[in-house]
Amino acid sequence: MAAIDPEAREQLRQHAEGLLRAKYGEGRTLLDPVRVMHAVRTAAEEQVEVPAGDVLAALTLLDEARAALDTLERGLTRAARARSASWQEIADHLGLTSRSSAKSRYVRLQRDAASYRGDRYPELQRADRARDRAADEWARENERRLRGAVADLTAFNDTWPSLTTLASAKTLLSWTARLDGPALAAKLHRLHPALSGDIPAGAAVSPPHTAAQIRNGALALLNELASVRNAVSTKALSPDSQLAAE
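The sequence shown maps to residues 18 to 263 in the numbering used here.
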C-alpha cells in the first residue's frame, strides 16, 4: 500500500488540529495531544453523537503524542543523570535489562528528536517554503478582499459561539486594523474549523448580507488560497526534478 503524500498528510493534520482545538481545546492556543486524545475518547465512550470525524482527527495526533512522551522521557532521563542516577538505575525504572539498553534508548530519543517531522521529509520542507511564498504573494495581492472578509465576520457580533471562541468581534476588528495580507490570511485560516461547520440558529447579522453569504465569502477566499498552495507540486520541487531541469 502506497504511503500518503506528505503534503496531503500535513493538510489532514492541520485540519484535524483546527477541529480539535475548536471543539476540545478549552480555549488553549496550544494543544496537548495526550489530553485531547483522552478527551475525545471519553466523549466517544459517553456520547453516541460524537462524530467519527472527531475520533479520526484525534488519531492524527498519535505522532505528536508519541513525540511528546519521548520528549518527556528524554528530559526525565537527563534530569536523573544530572542528579547522579546511574544508567543501571534508569534502566531498572524503565523496565530495561541493562545500563547499555538505557543508554541506547536515550541516544535513540536524541536522534529521533533531531529528525522529527521536518528533517524526516526534506521534500515537504522545500514544498512548504514554495507554497508559503505563493500564498503570501496571493495574500498581498488580495489584501483588500481578505480585510473585507474578516471585517464582515464582525457582523455576527459574538452570536456564533465556536467562532467567538477562536476570535471575538473585537479581535476580528483589531486584525483588520493592524495586519497585512499574509497575516490576515493566516488568521482567517485559523477560523476555518468554525466557519466550515453549521451556522447556529442564534447567529445573526444585520441586512443587507445574510449569515450564509458572509460565511461562504470567507470560505471561498480560503478555498482560493488553498488552490494557490496546492498548485505548487511537491514532485516538481524534488532534488531529482530540479537536477533534471538543469
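Glycine included, each C-beta is placed from N, C-alpha and C at the ideal position. All values derive from a computational prediction rather than experimental measurement.
- Nearest Cα to residue 210 within the set 26, 38, 28, 27: 38.
- According to the DSSP assignment, residue 81 belongs to the alpha helix (DSSP H) that extends over 79-99.
- Annotation for residue 162: 238 place their beta carbon closer than 7 angstroms to its own, counting only its chain and skipping 5 residues before and after.
- Inclusion of residue 185 and residue 175 in the CB contact set at 8 angstroms is warranted, their separation being smaller than that value.
- Per DSSP, reduced to three states, the secondary structure at residue 155 is helical.
- Excluding sequence positions up to five before and after residue 116, its CB lies within less than 6 angstroms of the CB of 104, 105, 108, all in the same chain and listed in chain order.
- Non-local beta-carbon contacts of residue 172 in its own chain, meaning distances under 8 angstroms to residues more than five positions away in sequence, involve 222, 223, 226, 231 in chain order.
- A Cβ-Cβ distance of about 5 angstroms is found for the pair residue 30 and residue 77, placing them in contact under the 8 angstroms criterion.
- The beta carbon of residue 152 sits closer than 8 angstroms to those of 199, 202, 242, 245, 246, all from its chain and outside the five residues before and after it, given in chain order.
- When 101, 99, 215, 93 are compared, the shortest CA-CA separation from residue 122 is found for 93.
- The shortest CA-to-CA distance from residue 183 to any of 193, 194, 165, 206 is the one to 206.
- The Cβ neighbour count for residue 187, taken over all protein chains shown within 10 Å, is under 16; the residue is labelled exposed.
- Secondary structure note for residue 105: its alpha helix (DSSP H) is the uninterrupted segment 104-111.
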